[in-house]
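Asker: Following this message is one structure expressed as structure tokens.
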Amino acid sequence: PKYLLQILWLLLSFCYYYNLSSHNKVVQFSRSVVTDRFVSCLFNRKRPDVITTTSWLAPVIWEETYNRPVLEKYYRRLNITIGLAIICVPGKFSNRSLTEFIQSANKHFMFGYNVVFYILLDSLSTLPPIVLGPLRTFKLCLVAKSDIGNDFNFIYMMNLFDCIITHIQYEVNFLFVMNANQIFKGDFGVETLGKSVAQLSAWWYFKDGDTFPYERRHKSAAFIPFEEGDFYYHSAIFGGTVEEVLNLIRECQKGAIQDKKNQLSNTYEHHLNKYLFINKPTKLLSPEYNWDPSFRTPLQIKCVKIAWHSKNNNRRIDK
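Structure follows, in structure tokens:
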């Protein structure tokens, strides 16, 4: 009976959203955030070996925990466009790594859907040749300098915020933000879509929560007390609706400015973790979606979706 009710609710929801097809994209987008609530019955399946649901009932996405054909059927009716903002921080990527990232994203990121790649660079000279497949396009966002913090991510996020305000919010329904020093190894599909999507850190997922490297200084805006916190999130990947991504960037920037006034230096990842500690994400991506290949791969990792060029792994990652 429980599953029959879930299926009935899902079918009714499909019919309701299908009737919205005559509306414009912005209306469809505003309604689509509700999917986190009723599509949840398609997740949390067949994986007793891992955490598949958080204490606040958000799904944690692992291989074999979602029904992709049904999800594909649902999202194709919405005619959505997904944005991918690519952060190319100086010193952390090369032209080759950016080329590999874009080539692998072209193959694996939201295949079959309208995708816009937004490439954030500090110079046109570092833009490699780009060849994309059908339904894919790219736009270049040149990054202006700033003294908001020592972490280059603050500068890039401030520029991304401006790009979202000026045009991105009118072009896409969902937006992911990713660092360029990683490479797609498997399909990164619509199972990852949600209002607020956070990436669990491969470094810290299998460790005790007391060891998480949260900001512990009381004066910092990113402060999280000991014995508190849920997971440690990796800033290399986050996403969600455009409105939610804007909120996250805005609050992290506020925190960075507050820390600077208090003469504190901090990382963007610390502020991101503080934001997600207060504003719980509605969907979490397992370490399969951002795995560090320099680690021994545990049995829980069934399929690596993205491999990360870690600080301890500077060798080329074969495709």
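Just so we're on the same page, our numbering is the position in the sequence shown counted from 1, plus 1076. All residues carry an ideal CB built from backbone N, CA and C; glycine is no exception.
When you compare the segment 1295-1303 with the segment 1317-1335, are there three or more beta-carbon pairs, one atom per stretch, that lie closer than 8 Å?
Answerer: Verdict: yes, contact present.
Asker: Between the alpha carbons of residue 1197 and residue 1175, how many angstroms are there, rounded?
Answerer: As a position in the sequence shown, residue 1197 is number 121, starting the count at 1. As a position in the sequence shown, residue 1175 is number 99, starting the count at 1. If I take the Cα positions, the gap works out to 13 Å.
Asker: Quick check on the burial criterion: 16 or more other C-beta atoms within 10 angstroms. Buried or exposed for residue 1367?
Answerer: Counted from its first residue, the sequence shown places residue 1367 at position 291. So residue 1367 counts as buried.
Asker: What is the DSSP secondary structure of residue 1330, reduced to helix, strand or coil?
Answerer: Walking along the sequence shown from the start, residue 1330 turns up at place 254. Three-state result, residue 1330: helix.
Asker: Which runs of the alpha helix (DSSP H) at least 4 residues long sit entirely within the segment 1121-1189? Give them in chain order.
Answerer: For the segment 1121-1189, whole alpha helix (DSSP H) runs of length 4 or above, ordered along the chain, are 1144-1154 and 1171-1184.
Asker: With the cut-off set at 8 Å, would you say residue 1245 and residue 1192 are in Cβ contact?
Answerer: Within the sequence shown, residue 1245 is the residue found at index 169, counting from 1. Within the sequence shown, residue 1192 is the residue found at index 116, counting from 1. Contact: no.
Asker: Among 1125, 1359 and 1380, which has the Cα closest to the Cα of residue 1369?
Answerer: Within the sequence shown, numbered from 1, the residue matching residue 1369 stands at position 293. Checked all of 1125, 1359 and 1380; the closest Cα to residue 1369 is 1380.
Asker: What does the alpha-carbon distance come out to for the pair residue 1207 and residue 1183?
Answerer: Counting from 1 along the sequence shown, the entry for residue 1207 is found at position 131. Counting from 1 along the sequence shown, the entry for residue 1183 is found at position 107. Each residue's Cα considered, the two are about 11 Å apart.
Asker: Answer with buried or exposed for residue 1339, where buried requires no fewer than 16 other C-beta atoms within 10 angstroms of its C-beta.
Answerer: Translated into positions along the sequence shown, residue 1339 becomes position 263. Exposed, because fewer than 16 other Cβ atoms sit within 10 Å of the Cβ of residue 1339.
Asker: What does the alpha-carbon distance come out to for the pair residue 1374 and residue 1188?
Answerer: Position 298 of the sequence shown holds residue 1374. Position 112 of the sequence shown holds residue 1188. So the alpha carbons of these two residues sit roughly 31 Å apart.
Asker: Using CA atoms only, rank isn't needed, just tell me which of 1378, 1231, 1283 and 1288 is closest to residue 1471.
Answerer: What the structure shows of the chain is the stretch from 1077 to 1395, and residue 1471 is not part of that stretch, so it cannot be assessed.
Asker: Quick one: what's got a C-beta closer than 8 Å to residue 1278's C-beta in the same chain, skipping five residues either side?
Answerer: Residue mapping note: residue 1278 aligns to position 202 of the sequence shown, counting from 1. The residues are 1310, 1363, 1366, 1367, 1368, 1371 and 1384.
Asker: Taking all protein chains shown into account, decide if residue 1108 is buried (16 or more other Cβ within 10 angstroms of its Cβ) or exposed.
Answerer: Against the sequence shown, residue 1108 aligns to sequence position 32. No answer about residue 1108 holds up, because its pLDDT of 44 lies below 50 and its placement is not dependable.
Asker: Could you tell me if residue 1397 is buried or exposed, where buried requires 16 or more neighbouring beta carbons within 10 angstroms of its beta carbon?
Answerer: No answer is possible for residue 1397: the residues shown for the chain start at 1077 and end at 1395.
Asker: Do the CB positions of residue 1281 and residue 1349 come within less than 8 Å of each other?
Answerer: Your numbering for residue 1281 matches position 205 in the sequence shown. Your numbering for residue 1349 matches position 273 in the sequence shown. Not a contact, by the Cβ cut-off of 8 Å.
Asker: Mapping DSSP to helix, strand and coil, what is residue 1376?
Answerer: In the sequence shown, counting from the first residue as 1, residue 1376 sits at position 300. Note: residue 1376 maps to coil in three-state DSSP.
Asker: Can you tell me which of the three DSSP states residue 1195 falls into?
Answerer: For the purposes of this step, residue 1195 is taken as residue 119 along the sequence shown, with counting starting at 1. Here residue 1195 sits in strand by DSSP.
Asker: Determine the extent of the alpha helix (DSSP H) in which residue 1307 is found, giving its start and end residues.
Answerer: Reading the sequence shown from its first residue, position 231 is the one you call residue 1307. Residue 1307 -> no alpha helix (DSSP H), and no H or E assigned at all.
Asker: Taking three-plus beta-carbon pairs below 8 Å as touching, is the segment 1247-1262 in contact with the segment 1341-1356?
Answerer: Flag = no, the segment 1247-1262 and the segment 1341-1356 do not touch.
Asker: Please list, in chain order, all residues of the same chain as residue 1171 whose beta carbon is under 7 Å from its beta carbon, the five residues on each side excluded.
Answerer: Translated into the one-based positions of the sequence shown, residue 1171 becomes position 95. 1202 and 1204, listed in sequence order.
Asker: For residue 1315 and residue 1360, which I take to be in contact (beta-carbon distance under 8 Å), what is that distance rounded to the nearest angstrom?
Answerer: For the purposes of this step, residue 1315 is identified with residue 239 of the sequence shown, where counting begins at 1. For the purposes of this step, residue 1360 is identified with residue 284 of the sequence shown, where counting begins at 1. Going by Cβ atoms, the distance from residue 1315 to residue 1360 rounds to 12 Å, so no, they are not a contact pair.
Asker: Do you know how far the Cα of residue 1178 is from the Cα of residue 1268?
Answerer: As a working mapping, residue 1268 is identified with position 192 in the sequence shown. As a working mapping, residue 1178 is identified with position 102 in the sequence shown. Rounded to whole angstroms, residue 1268 to residue 1178 spans 19 Å at the Cα level.
Asker: Could you work out which residue in 1160, 1190 and 1130 is closest to residue 1217 when comparing CA atoms only?
Answerer: Along the sequence shown, read from residue 1 onward, the residue named residue 1217 stands at position 141. Closest option to residue 1217, Cα to Cα, is 1160.
Asker: Does the Cβ of residue 1125 have 16 or more other Cβ atoms within 10 Å, making it buried, or fewer, making it exposed?
Answerer: Indexing the sequence shown from 1 puts residue 1125 at position 49. It counts as exposed.
Asker: Alpha carbon to alpha carbon, how far is residue 1266 from residue 1146?
Answerer: The residue given as residue 1266 occupies position 190 in the sequence shown. The residue given as residue 1146 occupies position 70 in the sequence shown. If you take the alpha carbons of residue 1266 and residue 1146, they lie about 10 Å apart.
Asker: Please check the pair residue 1256 and residue 1235, which I expect to be a contact at CB under 8 Å, by giving their CB distance rounded to whole angstroms.
Answerer: Numbered from 1 along the sequence shown, position 180 holds the residue referred to as residue 1256. Numbered from 1 along the sequence shown, position 159 holds the residue referred to as residue 1235. Their Cβ separation, rounded to whole angstroms, is 15 Å, which puts residue 1256 and residue 1235 out of contact at 8 Å.
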